[in-house]
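Participant: Have a look at the structure that comes next, please.
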Amino acid sequence: MDKNIKVLVVDDFATMRKVVRNLLKQIGYENIVEAEDGAMALKTLKSQKIDFIVADWNMPNMSGIELLKAVRADGKLAGTPFLMVTAEALQENVIEAVKAGVNGYIVKPFTAEVLNEKIEAIVAKL
Amino acid sequence: MAYENILAIINDMTSNFLFLENGHIDIPTAGKFLNQLEQIVTASASAKMDPLPNIAGAVNTLLEKMIMEIVDRKEGFSAFEEGLTLMQKIGDSYQSTGSYTGDVNDFLSRVSTLTGISLSRPGSAAPSSEPLAADLKVTETSPAATDDAVRTKDQEKKKDFIVEDEGLLKDFIVEGLEYMCEIEVSVLNLEQNPEDKEYINAVFRPFHSVKGVAGFLNLKDISELAHALENLLDRARNNDLKVVSGLIDIILDGADVLKTMIGSLQEVLDGNRDIPFIPDLSDLKERIEHVDEIVEDVPEIKKIGEILIDNGVISEDNLKESLEQSQRAPHKKKLGETLITEGKATPRQVAQALRKQANQVADTSTIRVDVKKLDDLVDMIGELVICQSMIRQNPAVQESDDMKLIRDVAQLSTITSELQRTSTSLRMIPIKQTFQRMSRLVRDLAKNAGKAVAVILEGEETEIDRNMVEEIYNPLVHMVRNAVDHGIESTEERSKTGKPDQGTIQLKAYHKGGNIVIEIVDDGRGLKKHKIIEKAIERGLIESAEAVTEQELYRLIFHPGFSTAEKVTDVSGRGVGMDVVKQAVEKLRGKVDIQSREGQGTTFITYFPLTMAIVDGMIVRIGREKYIIPATAVRQLLRPPRESYNNVIGRGEMINVMGNLLPLVRLNKIFNIKADHDEPWDALTVVVEAGHKAKCFIVDEVIGKEEVVIKTLGDGLKNTKGISGGAILGNGNVGLIIDPEGVFELSER
């Protein structure tokens with residue numbers, strides 16, 4: 132498993148970004164960039180090559196689902212693996228994300244092991 | 087044709103299904119399937135391929151439950167396969183025979199059993215749009231939530247955990263507290279626009295974020311409370327709960343409690359506490375639980391029968407009878423009619439009741455309009471005013487001797503200015519809410535400081551532009567904090583000086599000359615003049631106490647870093663407060679005055695324009711440039727004789743205006759432009775007043791007075807000193823709006 136892939140962590144809550152960053156580091160991913168909302172994430176995605184997106188659902192400006200739709204609609208970015216972080220597994224949310232082409236979803240709070248499983252399952256399918 | 091397309095989708099699904107590994111539908115594939123199933127449902131329904139829509143709908147439901155991991159993976163997978171085969175069979179049958187007669191109930195009941203959702207049988211309508219149990223939650227997969235043993239262990243670890251992850255916890259405290267403070271501001275917006283989803287979201291999000299991180303940090307109580315509050319807002323977002331004042335109270339109180347809880351974590355980190363403080367949540371929890379019982383504050387319109395009962399005209403039994411009669415009557419008679427024909431009420435009584443009802447309707451005959459639309463409307467009317475004024479000033483119109491045209495243009499002007507007045511008044515709201523928040527703030531602050539303070543509100547109905555409400559909030563908060571913290575003395579100190587134990591803070595609002603005036607009056611210790619003088623001399627702001635007036639002296643406390651407070655508390659007294667207040671007020675084209683008497687109290691008087699959209703201005707010309715001076719600042723116009731000009735050594739150029747020597751300001755030097763005239767006696771002089779000072783501006787020409795719509799200069803030039811904005815003038819030219827205080831400051835450099 133390639134742990135050198137560049138992971139983009141998107142969340143408006145700085146502490147939450149740090150949490151995800153710490154968990155990612157625990158499972159061996161060191162190459163991490165952050166964005167504070169969907170709009171910023173999209174900018175980052177357009178300026179550098181990102182291999183994996185971990186985004187929160189609920190954010191101001193551009194929410195996770197809007198980001199997902201924007202990524203899938205962009206010819207160059209469309210294939211980027213996308214893991215959605217949600218607080219509860221609300222069925223309508225999850226289904227909306229799945230229909231929009233998400234690669235996986237994870238429910239807060241999660242452990243490093245669960246995160247690792249999710250990422251590996253997604254990357255294995257690519 | 088349609089059959090073929092649908093079959094093609096089904097075949098595509100089937101072949102993708104065959105390639106799936108180890109009996110598992112991965113999420114991206116599931117997403118594709120869901121979209122395809124949706125297509126099939128719609129297309130087959132319009133092609134009348136009964137029962138295909140039902141089957142595809144059922145497969146869709148099944149797949150959704152599989153994604154949510156509610157259905158056993160193996161069972162689900164095989165049922166899904168059965169569904170696909172069945173869909174193919176139906177499609178094939180329609181293509182060859184145009185119908186399908188086979189039985190599908192076995193499959194539908196299999197899916198029903200698996201998913202727990204009853205599915206409609208063929209023949210009944212709208213199968214796919216069956217409402218899903220939307221709030222159905224998946225049991226959490228995280229180990230922390232699985233069994234009690236783990237949880238207790240986690241709790242035991244709590245203390246170590248905090249220390250272990252100190253950095254993260256620190257971040258959480260800072261950011262969490264910030265978020266909780268944000269809620270107060272967002273709630274104001276929400277209260278005014280209870281149905282605006284964006285505002286609900288703005289309050290929802292902070293709770294949501296705090297909950298998320300608290301979950302990771304194992305702060306169970308915080309996470310649970312934030313979750314409960316978030317749920318309320320989520321329900322409001324889904325129109326399941328109405329945003330009424332009772333709900334807002336719960337949210338504010340909840341945010342307060344969370345603030346306390348998060349704040350106590352800091353104490354733990356500082357070593358002042360062993361375990362985080364957990365306040366008594368039973369009351370709040372109960373209120374959250376009973377949220378549905380909150381009654382809406384809008385009174386309902388009473389029915390005519392109820393009014394008649396209230397008035398004692400008829401009894402409830404009478405009403406019931408007559409209602410039934412009215413329903414049974416061949417043409418559905420009105421209740422009033424029935425009552426009259428039956429002799430239960432006189433026509434007069436019914437008429438009175440009807441009138442009463444009509445009044446009720448009138449009381450509630452308001453509509454909610456999106457603020458954006460309103461702002462757009464006001465903007466467009468602003469443009470209309472400019473356009474109207476351009477027509478009026480067009481030489482072709484001005485030189486015309488067509489009386490009808492001139493009359494019509496005059497009529498147009500009257501109507502547009504009336505329209506402008508009306509449109510501005512649309513955005514006006516009473517200041518009540520801001521005041522109520524202030525009094526809440528006073529109560530909280532007083533409690534923290536251990537003081538007794540009463541709040542008196544006056545003029546809450548005074549109206550102000552909705553867009554100003556938020557802007558004036560921060561400076562007002564600062565002044566109120568200052569009053570509680572420094573103004574009002576402690577109870578002991580008060581009783582020593584013979585004052586009542588309880589201090590008073592009065593908030594007054596009223597309109598005065600196109601401004602809204604807000605006074606914050608406290609009966610505290612007042613400003614200590616000698617202390618201000620001492621400090622000001624020490625800092626080199628003044629040379630001696632005699633050189634300044636009392637007003638000027640008090641205004642010194644607005645200097646950056648100027649604080650006479652002896653004790654620094656956590657809310658004010660660091661000397662950062664008052665200059666921020668001044669800046670904030672001036673940014674809004676307002677001003678602050680201070681009145682104070684030592685030992686008796688201080689009054690802050692703030693003046694704000696009613697709206698930020700329009701300014702009544704005097705248009706002046708300097709060289710080729712046009713400037714707008716706010717009319718409220720213009721005191722007089724004159725052409726000074728040569729003798730009234732003085733060049734006083736050390737005080738600069740002065741003009742003698744009716745016995746007063748006023749400093750001369752050369753705008754052409756400040757703005758670096760070429761003027762027609764250099765000497766005041768050749769040009770015109772405008773006496774401009776701002777912040778208790780008056781100065782003379784030299785201008786080449788005064789063009790006239792006009793109401794102009796203020797446009798900002800854009801982000802880059804927003805903070806240009808001396809200029810507060812730009813405006814399109816009646817003749818289409820652009821003029822810059824002068825900010826007198828800013829120009830004064832520039833001229834003193």
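Chain order of the listed sequences is W and A. For the record, in the first sequence the residue sitting at position 87 is 218 according to the working numbering, with numbers rising by one throughout. For the record, in the second sequence the residue sitting at position 342 is 428 according to the working numbering, with numbers rising by one throughout. No residue lacks a Cβ here, since even glycine has one placed at the ideal position from N, Cα and C.
1) Where do the N-terminal and C-terminal ends of the beta strand (DSSP E) with A:Gly812 fall, by residue?
2) For A:Ala633, count neighbouring Cβ atoms within 10 angstroms of its own Cβ and tell me buried if that reaches 16, exposed if not.
3) Is the segment 238–254 of chain W touching the segment 287–302 of chain A in the sense that three or more CB pairs, one from each, lie closer than 8 Å?
4) For A:Thr147, is the classification buried or exposed, using 16 other Cβ atoms within 10 angstroms of its Cβ as the cut-off for buried?
5) Give the straight-line distance between the Cα atoms of A:Asn817 and A:Gln479, rounded to the nearest whole angstrom.
6) Quick check on W:Lys177 - is its C-beta less than 7 Å from some C-beta in chain A?
7) What number of angstroms, rounded off, separates the C-alpha of A:Ala532 from the C-alpha of A:Gly573?
8) Does the separation of the CB atoms of A:Glu92 and A:Gly177 fall below 7 Å?
9) If A:Ala431 and A:Val399 are in contact, beta carbons under 8 Å, what's the gap, nearest whole angstrom?
10) Per DSSP, what are the beta-bridge partners of A:Glu793 in this structure?
11) Can you list, in chain order, the residues of its chain whose CB lies under 8 Å from that of A:Ala776, leaving out five sequence neighbours each side?
12) What did DSSP end up calling A:Val751 once you bin it into helix, strand or coil?
13) With 7 Å set as the bound, which would you pick, yes or no: does the beta-carbon of W:Gln222 sit closer than that to a beta-carbon of chain A?
14) Mapping DSSP to helix, strand and coil, what is A:Ala300?
15) Rounded to the nearest angstrom, what separates A:Asp221 and A:Phe521 at their Cα positions?
16) Cutting at 7 Å between CB atoms, please list the residues of its own chain near W:Val216, excluding the five before and the five after it.
17) Closer than 8 Å by C-beta to A:Ile337: which residues in its own chain qualify, once you throw out the five before and the five after it? Chain order, please.
18) What does the alpha-carbon distance come out to for the pair A:Val788 and A:Asn733?
19) Given this structure, state the Cα-to-Cα distance separating A:Ala769 from A:His763, to the nearest angstrom.
20) Within the 7 Å Cβ cut-off, does W:Thr146 reach chain A?
21) Here's the rule: buried if 16 or more other CB atoms are within 10 angstroms of the residue's CB, otherwise exposed. What is A:Leu803?
22) Could you tell me which residues DSSP puts in a beta bridge with A:Asp608?
23) Against chain A, does W:Val229 count as a neighbour if the rule is that its beta carbon must be under 7 Å from one of theirs?
24) How about A:Gln181 and A:Tyr265: are their beta carbons less than 7 Å apart?
25) Give a yes or no on whether the minimum CB-CB distance between W:Asn189 and chain A is below 7 Å.
26) I need the DSSP call for A:Glu428, collapsed to helix, strand or coil.
27) When DSSP builds the beta bridges, which residues end up paired with A:Tyr713?
28) Nearest by alpha-carbon distance to A:Lys668: which of A:Thr689, A:Glu792, A:Arg683, A:Arg641 is it?
29) Beta-carbon within less than 8 Å of A:Gly800's beta-carbon, same chain only, minus the 5 sequence neighbours each way: which residues are those?
30) Distance, Cα to Cα, A:Tyr186 vs A:Leu194?
31) Listing by chain order, which chain A residues have their CB less than 8 Å from the CB of W:Asp182?
32) Suppose only complete runs of 3+ residues qualify. What are the beta strand (DSSP E) ranges in the segment 447–534 of chain A, listed by chain order?
33) Is it buried or exposed for A:Val820, if we count other Cβ within 10 angstroms and need 16 for buried?
34) So with CB distances below 8 Å, who are the chain A contacts of W:Val225?
35) Is A:Gly899 helix, strand or coil when you go by DSSP?
Facilitator: Put simply:
1) On the second sequence, residue 812 of chain A is found 726 positions in, with the first residue counted as 1. Its beta strand (DSSP E) spans residues 809–814.
2) Taking the second sequence and counting its residues from 1, the one referred to as residue 633 of chain A is at position 547. Exposed is the call here.
3) Segments in contact, yes.
4) Counted from its first residue, the second sequence places residue 147 of chain A at position 61. A:Thr147 should be labelled buried.
5) Here residue 817 of chain A corresponds to residue number 731 of the second sequence, with the count starting at 1. Here residue 479 of chain A corresponds to residue number 393 of the second sequence, with the count starting at 1. Whole-angstrom Cα-Cα distance: 6 Å.
6) Looking up residue 177 of chain W in the first sequence gives position 46. So no, W:Lys177 is outside the interface.
7) Residue 532 of chain A sits at position 446 when you count from the first residue of the second sequence. Residue 573 of chain A sits at position 487 when you count from the first residue of the second sequence. For A:Ala532 and A:Gly573, the distance between alpha carbons rounds to 11 Å.
8) Here residue 92 of chain A is taken as the residue at index 6 of the second sequence, counted from 1. Here residue 177 of chain A is taken as the residue at index 91 of the second sequence, counted from 1. According to the sequence provided, residue 92 of chain A is Ile. The question's Glu does not apply to it. In this structure, A:Gly177 lies closer than 7 Å to A:Ile92 by Cβ.
9) For the purposes of this step, residue 431 of chain A is taken as residue 345 along the second sequence, with counting starting at 1. For the purposes of this step, residue 399 of chain A is taken as residue 313 along the second sequence, with counting starting at 1. Contact annotation, A:Ala431 with A:Val399: C-beta distance approximately 5 Å; criterion of less than 8 Å satisfied.
10) Within the second sequence, the letter at position 707 stands for residue 793 of chain A. As computed with DSSP, A:Glu793 is found in a beta bridge with A:Asp702.
11) On the second sequence, position 690 is the one that residue 776 of chain A refers to. Only Lys677, Ala719, Pro826, Glu827, Phe830 meet the Cβ criterion.
12) One-based indexing of the second sequence puts residue 751 of chain A at position 665. Residue state, collapsed to three classes: strand.
13) By one-based count along the first sequence, residue 222 of chain W stands at place 91. True, the Cβ-Cβ gap to chain A drops below 7 Å.
14) Position 214 of the second sequence, counting from 1, holds the residue named residue 300 of chain A. Collapsing the DSSP output to three states places A:Ala300 in a helix.
15) For the purposes of this step, residue 221 of chain A is identified with residue 135 of the second sequence, where counting begins at 1. For the purposes of this step, residue 521 of chain A is identified with residue 435 of the second sequence, where counting begins at 1. Low confidence applies here, because A:Asp221 scores a pLDDT of 39, under 50, leaving its location unreliable; read the following figure in that light. Just so you know, the alpha carbons of A:Asp221 and A:Phe521 end up roughly 39 Å apart.
16) Locating residue 216 of chain W in the first sequence gives position 85, counting from the first residue. By the criterion of a C-beta distance shorter than 7 Å, W:Val216 is surrounded in its chain by Val185, Ala186, Asp187, Trp188, Ile237, Lys239, once the five residues flanking it on both sides are discounted.
17) The count along the second sequence starts at 1 and reaches residue 337 of chain A at position 251. Close CB contacts of A:Ile337 within its chain, under the 8 Å cut and outside five residues either way in sequence, are with Ile269, Val273, Val289, Leu315, Leu318, Leu319 (chain order).
18) Counted from its first residue, the second sequence places residue 788 of chain A at position 702. Counted from its first residue, the second sequence places residue 733 of chain A at position 647. Between A:Val788 and A:Asn733, the C-alpha separation is close to 25 Å.
19) For this step, residue 769 of chain A is matched to residue 683 along the second sequence. For this step, residue 763 of chain A is matched to residue 677 along the second sequence. Spanning the two alpha carbons is a distance of roughly 6 Å.
20) One-based indexing of the first sequence puts residue 146 of chain W at position 15. Closer than 7 Å: yes.
21) Stepping through the second sequence from its first residue, residue 803 of chain A is reached at position 717. Burial call: exposed.
22) If you number the second sequence from 1, residue 608 of chain A lands on position 522. Per DSSP, A:Ile591, A:Thr688.
23) Start at 1 with the first residue of the first sequence, and residue 229 of chain W comes out as number 98. Cβ-Cβ to chain A under 7 Å: yes for W:Val229.
24) Position 95 of the second sequence holds residue 181 of chain A. Position 179 of the second sequence holds residue 265 of chain A. Cβ distance not < 7 Å, so A:Gln181 and A:Tyr265 don't count as in contact.
25) Numbered from 1 along the first sequence, position 58 holds the residue referred to as residue 189 of chain W. Under the 7 Å criterion on CB atoms, W:Asn189 is classed as interfacial with respect to chain A.
26) Counted from its first residue, the second sequence places residue 428 of chain A at position 342. Note: A:Glu428 maps to coil in three-state DSSP.
27) Here residue 713 of chain A refers to the residue found at position 627 of the second sequence. Beta-bridge partners assigned by DSSP to A:Tyr713: A:Val706, A:Leu822.
28) To locate residue 668 of chain A, count along the second sequence from 1; it is residue 582. With distances taken between Cα atoms, A:Lys668 lies closest to A:Arg641.
29) Walking along the second sequence from the start, residue 800 of chain A turns up at place 714. Correct list: empty, nothing qualifies.
30) If you number the second sequence from 1, residue 186 of chain A lands on position 100. If you number the second sequence from 1, residue 194 of chain A lands on position 108. About 16 Å.
31) As a working note, residue 182 of chain W is residue 51 in the first sequence. Result: empty, since nearest Cβ-Cβ is about 16 Å, beyond 8 Å.
32) Those beta strand (DSSP E) runs which fall completely within the segment 447–534 of chain A and span 3+ residues are 514–516.
33) For the purposes of this step, residue 820 of chain A is taken as the residue at position 734 of the second sequence. Under the 10 Å beta carbon count, A:Val820 is surrounded by fewer than 16 other beta carbons and is classified as exposed.
34) To locate residue 225 of chain W, count along the first sequence from 1; it is residue 94. What W:Val225 touches in chain A: Ile153, Met154.
35) The first residue shown for chain A is 87 and the last is 835, placing residue 899 of chain A beyond what the model contains.
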